[in-house]
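Numbering of the first sequence is given in my numbering, commencing with residue 1 and proceeding in unit increments.
The beta carbon of each residue, even a glycine, is placed where N, CA and C say it ideally should be.
Please read these numbers as outputs of a predicted model, since none were measured by experiment.
To start, the structure itself, in structure tokens.
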Amino acid sequence: MENDGNTSLNKGAWSADEDATLAQYVALHGPKRWKCVAIKSGLFIFTHTYLVQMVEMGVVAGLNRCGKSCRLRWLNYLRPDVKRGNFSDAEEDLILRLHRLIGNRWSLIAKRIPGRTDNEIKNYWNAHLRKKEKLMEKLPAISLAAMKENLWSEEASNGTESQETEDIGGGNEDGDDDESFDVSASELNWVKSFLELEEDV
DNA sequence: AAATGCGCCAACCGCGTGCGC
DNA sequence: AGCGCACGCGGTTGGCGCATT
């Protein structure tokens, strides 16, 4: 198990200075080598020569966080493409659908929703959507299966394809998987392609 | 106005996995 | 093949702010 092995590292909320320091590190070296970022009050804990260079440059002095903490802070907050603010209805719907299909695979779900992190989605689920989902489960007559049946029969009677599903998923610019969110037998195929997409990422 | 409860979110922790040696 | 390191993931917790009493 990973233990960054230091009892005197900073914990808790990040300061603006720490954020700036971390951002500088990432700007210079990219979002990797998190272990290298772990620095103990001026005495650098390093495993890589990059850090020695950074010491010489005076770039990251003062940051006293474990690598794991640095990585998390970057991924969930400092990353430029992180979208802040409320989830849209479309995003919420997508999370619900994906969760039904693949469960608590937050990182997979996050990759499907541009700008959202796994942690953010997980929090949002626990805070908002779990209740919603439980409520749905408690409505005996409106089980998921029944909903699917209803949708099926509606589609059959309409004789139309269900292209109404909002498309906010990442990588959909080319319209590669508009059919993905149909509640239909092809759902399984979509899951399959979804997972295949994962392998490409 | 103060005390308490509750919800939300950022961050931490433990475990699993991949990769290099 | 085995070991250790580094990273990624999901569950959990701590603290803050808002609502209610």
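Within 10 angstroms of its Cβ, does residue i collect 16 or more other Cβ (buried), or is it exposed?
| i | result |
| --- | --- |
| residue 69 | buried |
| residue 67 | buried |
| residue 86 | exposed |
| residue 126 | exposed |
| residue 81 | exposed |
| residue 116 | buried |
| residue 100 | exposed |
| residue 110 | buried |
| residue 49 | Its pLDDT being 42, under 50, residue 49 is placed unreliably by the model, and nothing is read from it. |
If you draw a straight line from the alpha carbon of residue i to that of residue j, how long is it in whole angstroms?
| i | j | result |
| --- | --- | --- |
| residue 75 | residue 118 | 9 angstroms |
| residue 122 | residue 97 | 14 angstroms |
| residue 61 | residue 77 | Annotation note: pLDDT 42 at residue 61 (below 50); position unreliable, coordinate value reported separately. Looking at the two C-alpha atoms, the distance is approximately 21 angstroms. |
| residue 27 | residue 89 | 34 angstroms |
| residue 107 | residue 132 | 21 angstroms |
| residue 11 | residue 65 | 7 angstroms |
| residue 63 | residue 25 | 10 angstroms |
| residue 120 | residue 29 | 25 angstroms |
| residue 103 | residue 136 | 16 angstroms |
| residue 9 | residue 128 | 33 angstroms |
| residue 71 | residue 21 | 13 angstroms |
| residue 130 | residue 79 | 27 angstroms |
| residue 94 | residue 17 | 36 angstroms |
| residue 105 | residue 31 | 22 angstroms |
| residue 124 | residue 19 | 24 angstroms |
| residue 169 | residue 83 | Low per-residue confidence applies at residue 169: pLDDT is 42, beneath 50, and the placement is therefore not dependable enough to give any value. |
Answer yes or no: do residue i and residue j have a C-beta to C-beta separation smaller than 7 angstroms?
| i | j | result |
| --- | --- | --- |
| residue 203 | residue 73 | The structure shown has nothing for residue 203, since the chain only spans 1 to 201. |
| residue 113 | residue 91 | yes |
At a threshold of 6 angstroms, does residue i count as lining the ligand GDP (C-beta to nearest heavy atom)?
| i | result |
| --- | --- |
| residue 75 | For the ligand GDP, the structure offers nothing, since it holds no ligand at all. |
(message) To test your reading of the DSSP string, which unbroken alpha helix (DSSP H) runs of 4 or more residues are found completely within the segment 64-98?
(response) 67-73
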